[in-house]
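Trainee: First, the structure itself, so that you have it in front of you.
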């Protein structure tokens, strides 16, 4: 029976969606959401969704407690009426957090930023096989026995044969009654993508800059995961030399040293060559830097590597420049000069957190 | 209405063993003198139970997202095993109570015993006297009316308006249904006129009149009378705590709006007595489920589970007050006092510790007394009259204060007077600040002035701002709230679009004078 409340639940979800969407810019520039990621859902704080009432301010009002302790001892928690589910009881008025699935969040972002859906490149569709339990059969292993069906069959047989006694409702299945789950093997198209994050950890990339990168990476992950069934992420940090690290280290490494961007591109290409044949994978390198390369010669080298190696293999190469006090940002200008008109390269500048949303739109707006 | 009938008719009946249990427990309850109307138990799965809980126990409510919100939160709570609603019963005739279908038989019996306690309370307690016992139909009618408005006005429009009304849901006067005005409004008005027109003249013989009542004196009288009249022209004459009712009666709104507002108000008044008697009602039901379970119902094999579940309901987390626990203990305390004759002047005058400890006149009036208490009291008068120093000490009650430096609540006092006062204050307001309409023609512009009766705790400003905005929007003109913040008088203004806080100049102006 459909419950009456389904409509109310649906309406509530609509409202939540509307609120999340309206506050998307705020959510995108705060780290709050990232910490609240749990499995497949994000807890989104929605302080303004409750119904406002005249009520007392928090943390002022004393209450009544019961138990041990001398005056001055902590009273463990606030006194008051615990929220028993009794008719007519008001739910507690605490700050609301609503679970929004990552899938839904990605959709909201897609709608709000008008991001085109990515069309995976055809040749990269690979087939995978999966067993799905769909039917019932009369033979099978005992471990797959469908108990309820089995007993239902037995009951039917007993009733039909007149051995069913309602006063003594005993059902004994025989061999013919047994039912088993059966499966079909299905092949599903599967599209895979790999995201290669590269980040400059030279002296000029400070805390705030890294925080911005972390935020961008969260939303990029979200969007690509929404578009591909299987997404992997790899992380490269570089100063004068590049190395691959895990996600945690990527966001936590202390800044040091100079900047040799080509070292990162070289490592990136090595990883692609070794693990991700372009025929099977959709490849997305993202590079974050403050744009201060060591030398003109190195920048030249980078551009050559991009043109000759990386670009032909990837769906899109993205460079996001996180402005810092020290960086000149020359690299952005250099790339712009070299690749204007090349569909495979997207460039973006992120002066501060407020611009993360715009930057994401620039980076993912091409639908490649 | 059709909805409900469907909801209940389509449900499966109780299984035989529960029907038997119900008949048995009903008999036991009546045997103890509980009086209750017919009680219908419905078996529900947890989704249905959660829906009913979100709807406040009723199968049909007007469409609104907050039921959905509550449902989602409860649903999650169940999945995580955090909360399990044990009992839910609504105050209607017949009373409907719900049983969760995968509870054990012992749990079902416990719930039934508890529910009969509640139904007895609903039936007999004076504060429920004026509640509508056909609320099941009423709620369904409300739903139909709101749906009709939605069809005519559009969902957004009606929903926004419901949000506004709900935001003022707590601005009602829970005592209102019990006050019978001795004189009708028109009589009161007549009397005002009478008082206002005549002014007192000293009795005097005609020839003495101009000496005893000189013209100057009469003139002064006349003026004073005039002032009084002006004061009385203030409307409303006395603060009105039923703000929703006032808005409904005097606010300028379209018919569908006043219909929605009256629905919200009716439902708020319906639920109000349950808030007023939480400790008594839960205590009473708990008292009877323990009494019946332990004396009559439990079989040997069920004792351990019962003890486990019962202790769950009356458990007190450190530093928290559990209404079930406080209620049941206080009934027991009263029962013991009246059984042992510990009441009256002799008892009150006795100060000898040993005599008091052994005091037992064998009066045996305990049971009779608690039945009487459950008939006439509400939580406030219950605590006021029966909370004793002994009880506070035995139960280890204390008041708590928020320690700003430590950032948590600390034990403040174990003094009887402090505990009692704090409890009474908490129960009198129930977390709802006392706010009343004091002037409906503020500044002679037809604006609404509300006054907050400040008992030492400030309003939460952000929400007060939003709620005041809703007052202004429903009233149709600006609204003002007189209150205090940080120990200074303030007036909050909201004209529906803009919010302002005015701190009366008195204190602010003094500051610069400090130095020449």
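Protein chains in written order, with the numbering used here: chain A, 1 to 368; chain B, 369 to 884. From the three backbone atoms N, C-alpha and C, an ideal C-beta is built for every residue, glycine too. Source: prediction; values computed, not measured.
Compile a chain-ordered list of the residues in the stretch 752-771 of chain B whose CB is closer than 9 Å to at least one CB of chain A.
Mentor: Listed by position, the residues of the stretch 752-771 of chain B near chain A (Cβ gap below 9 Å) are 763, 764, 765, 766, 767, 768, 769, 770, 771.
Trainee: May I ask you to report which of helix, strand or coil DSSP gives residue 281 (chain A)?
Mentor: If you number the first chain from 1, residue 281 (chain A) lands on position 281. Correct three-state label for residue 281 (chain A): coil.
Trainee: Which residues bound the beta strand (DSSP E) around residue 310 (chain B)?
Mentor: With chain B covering 369 to 884 only, the question about residue 310 (chain B) has no answer from this structure.
Trainee: Between which two residues does the alpha helix (DSSP H) carrying residue 412 (chain B) extend?
Mentor: Working through the second chain from its first residue, we reach residue 412 (chain B) at position 44. No alpha helix (DSSP H) holds residue 412 (chain B); the beta strand (DSSP E) holding it covers 407-412.
Trainee: So with Cβ pairs under 9 Å, would you call residue 496 (chain B) a contact of chain A?
Mentor: Numbered from 1 along the second chain, position 128 holds the residue referred to as residue 496 (chain B). Cβ-Cβ to chain A under 9 Å: no for residue 496 (chain B).
Trainee: Under 9 Å between the Cβ atoms of residue 800 (chain B) and residue 493 (chain B)?
Mentor: Within the second chain, numbered from 1, the residue matching residue 800 (chain B) stands at position 432. Within the second chain, numbered from 1, the residue matching residue 493 (chain B) stands at position 125. No.
Trainee: Considering only the alpha carbon of each residue, which of B:434, B:405, B:408 lies closest to residue 419 (chain B)?
Mentor: Position 51 of the second chain, counted from the first residue, corresponds to residue 419 (chain B). Nearest of B:434, B:405, B:408 to residue 419 (chain B), Cα basis: B:434.
Trainee: In the structure shown, what three-state DSSP assignment does residue 183 (chain A) receive?
Mentor: In the first chain, residue 183 (chain A) corresponds to position 183, counting from 1. Note: residue 183 (chain A) maps to strand in three-state DSSP.
Trainee: Using C-beta distances below 7 Å, list every residue in its chain close to residue 466 (chain B), excluding the 5 sequence neighbours before and after it, in chain order.
Mentor: The count along the second chain starts at 1 and reaches residue 466 (chain B) at position 98. These residues qualify, in order along the chain: 410, 412, 417, 420, 456.
Trainee: Should residue 291 (chain A) be labelled buried (16 or more other beta-carbon atoms within 10 Å of its own) or exposed?
Mentor: By 1-based counting over the first chain, the position of residue 291 (chain A) is 291. Answer is buried; the Cβ neighbour count reaches 16.
Trainee: Is there a Cβ from chain A that is less than 9 Å from the Cβ of residue 684 (chain B)?
Mentor: Numbered from its first residue, the second chain carries residue 684 (chain B) at position 316. True, the Cβ-Cβ gap to chain A drops below 9 Å.
Trainee: Going along the chain, which unbroken runs of the beta strand (DSSP E) with 3 or more residues stay wholly within the stretch 438-507 of chain B?
Mentor: You should have 456-458, 463-468.
Trainee: Please report the straight-line C-alpha distance between residue 311 (chain A) and residue 287 (chain A), rounded to a whole angstrom.
Mentor: For the purposes of this step, residue 311 (chain A) is taken as residue 311 along the first chain, with counting starting at 1. For the purposes of this step, residue 287 (chain A) is taken as residue 287 along the first chain, with counting starting at 1. Answer to the nearest angstrom: the Cα atoms are 13 Å apart.
Trainee: To the nearest whole angstrom, what separates the beta carbons of residue 766 (chain B) and residue 787 (chain B), a pair I think is in contact under 8 Å?
Mentor: Start at 1 with the first residue of the second chain, and residue 766 (chain B) comes out as number 398. Start at 1 with the first residue of the second chain, and residue 787 (chain B) comes out as number 419. Confirmed, Cβ separation roughly 7 Å.
Trainee: What residues in its chain sit with their C-beta under 6 Å from that of residue 609 (chain B), if we drop five residues either side in the sequence?
Mentor: In the second chain, the residue the question calls residue 609 (chain B) occupies position 241. Only 541, 804 meet the Cβ criterion.
Trainee: If I measure Cβ to Cβ from residue 240 (chain A) and keep anything under 6 Å in the same chain, skipping five residues before and after, which residues do I get?
Mentor: Taking the first residue of the first chain as position 1, residue 240 (chain A) is located at position 240. Same-chain partners within the cutoff: 257, 258, 260.
Trainee: What did DSSP end up calling residue 866 (chain B) once you bin it into helix, strand or coil?
Mentor: For the purposes of this step, residue 866 (chain B) is identified with residue 498 of the second chain, where counting begins at 1. If DSSP states are grouped into helix, strand and coil, residue 866 (chain B) belongs with coil.
Trainee: Determine whether the Cβ of residue 102 (chain A) lies closer than 9 Å to any Cβ atom of chain B.
Mentor: Here residue 102 (chain A) refers to the residue found at position 102 of the first chain. No, residue 102 (chain A) does not count as interfacial toward chain B.
Trainee: Going by DSSP in three states, residue 19 (chain A) sits in which element: helix, strand or coil?
Mentor: The residue you call residue 19 (chain A) lines up with position 19 of the first chain. Residue 19 (chain A): helix per DSSP, three-state reduction.
Trainee: If you compare alpha carbons, which of B:708, B:738, B:739 is closest to residue 724 (chain B)?
Mentor: As a working mapping, residue 724 (chain B) is identified with position 356 in the second chain. Nearest C-alpha to residue 724 (chain B): B:708.
Trainee: Identify, in the order they occur along the chain, each residue of the same chain with its Cβ nearer than 6 Å to the Cβ of residue 545 (chain B), setting aside the five sequence neighbours on each side.
Mentor: By one-based count along the second chain, residue 545 (chain B) stands at place 177. Counting only Cβ-Cβ distances below 6 Å, and skipping sequence neighbours, we find 498.
Trainee: Assign residue 52 (chain A) to buried or exposed, taking buried as 16 or more other Cβ atoms, counted over all protein chains shown, within 10 Å of its Cβ.
Mentor: Position 52 of the first chain holds residue 52 (chain A). Per the 10 Å Cβ criterion, buried.
Trainee: Residue 435 (chain B) versus chain A: which residues are under 7 Å apart at the beta carbon?
Mentor: Indexing the second chain from 1 puts residue 435 (chain B) at position 67. Neighbours of residue 435 (chain B) on chain A, chain order: 5, 8.
Trainee: I want to know whether the stretch 159-179 of chain A touches the stretch 195-204 of chain A - three or more CB-CB distances under 8 Å.
Mentor: The stretch 159-179 of chain A is not in contact with the stretch 195-204 of chain A.
Trainee: So, do the stretch 693-704 of chain B and the stretch 727-737 of chain B have three or more beta carbon pairs nearer to each other than 8 Å?
Mentor: Taking 8 Å as the limit for Cβ pairs, the verdict is that the stretch 727-737 of chain B does touch the stretch 693-704 of chain B.
Trainee: Contact between the stretch 339-351 of chain A and the stretch 229-246 of chain A: three or more CB pairs below 8 Å?
Mentor: Counting Cβ pairs under 8 Å, fewer than three are found: no touch.
Trainee: Considering residue 651 (chain B), what are the terminal residues of the alpha helix (DSSP H) in which it resides?
Mentor: As a position in the second chain, residue 651 (chain B) is number 283, starting the count at 1. Run containing residue 651 (chain B): 646-660, per the alpha helix (DSSP H) assignment.
Trainee: How about residue 369 (chain A): is its C-beta nearer than 9 Å to some C-beta of chain B?
Mentor: Because chain A is modelled from 1 through 368, residue 369 (chain A) falls outside the range shown and cannot be assessed.
Trainee: With DSSP as the reference, identify every bridge partner of residue 288 (chain A), one or two as the case may be.
Mentor: Translated into the one-based positions of the first chain, residue 288 (chain A) becomes position 288. BP columns for residue 288 (chain A) point to A:199, A:320.
Trainee: Could you run through the stretch 66-77 of chain A and flag, in chain order, every residue whose CB is less than 7 Å away from some CB of chain B?
Mentor: Within the stretch 66-77 of chain A, the qualifying residues are 66, 67, 68, 69, 70, 71, 72, 73, 74, 75, 76, 77.
Trainee: Name the chain A residues that come within less than 9 Å of residue 440 (chain B), Cβ to Cβ?
Mentor: For the purposes of this step, residue 440 (chain B) is identified with residue 72 of the second chain, where counting begins at 1. Per Cβ cutoff of 9 Å: 9, 12, 13, 98, 99.
Trainee: What does DSSP give as the partner residues of residue 97 (chain A) in its beta bridges?
Mentor: Counting from one through the first chain, the residue named residue 97 (chain A) turns up at place 97. Answer by DSSP bridge pairing, in chain order: A:45.
Trainee: According to DSSP, residue 74 (chain A) sits in a beta bridge with which residue or residues?
Mentor: Taking the first chain and counting its residues from 1, one reaches residue 74 (chain A) at position 74. Looking at the DSSP assignment, residue 74 (chain A) forms a beta bridge with B:778.
Trainee: Can you find a C-beta in chain A that's less than 9 Å from the C-beta of residue 693 (chain B)?
Mentor: Within the second chain, the letter at position 325 stands for residue 693 (chain B). So, interface residue.
Trainee: Please list, in chain order, the chain B residues whose beta carbon lies closer than 9 Å to that of residue 55 (chain A).
Mentor: Residue 55 (chain A) sits at position 55 when you count from the first residue of the first chain. Neighbours of residue 55 (chain A) on chain B, chain order: 538, 799, 800, 801, 827, 828, 831, 832, 835.
Trainee: Spell out whether any CB of chain A is found under 9 Å from the CB atom of residue 782 (chain B).
Mentor: One-based indexing of the second chain puts residue 782 (chain B) at position 414. For residue 782 (chain B), the answer is yes, since a Cβ of chain A falls inside 9 Å of its Cβ.
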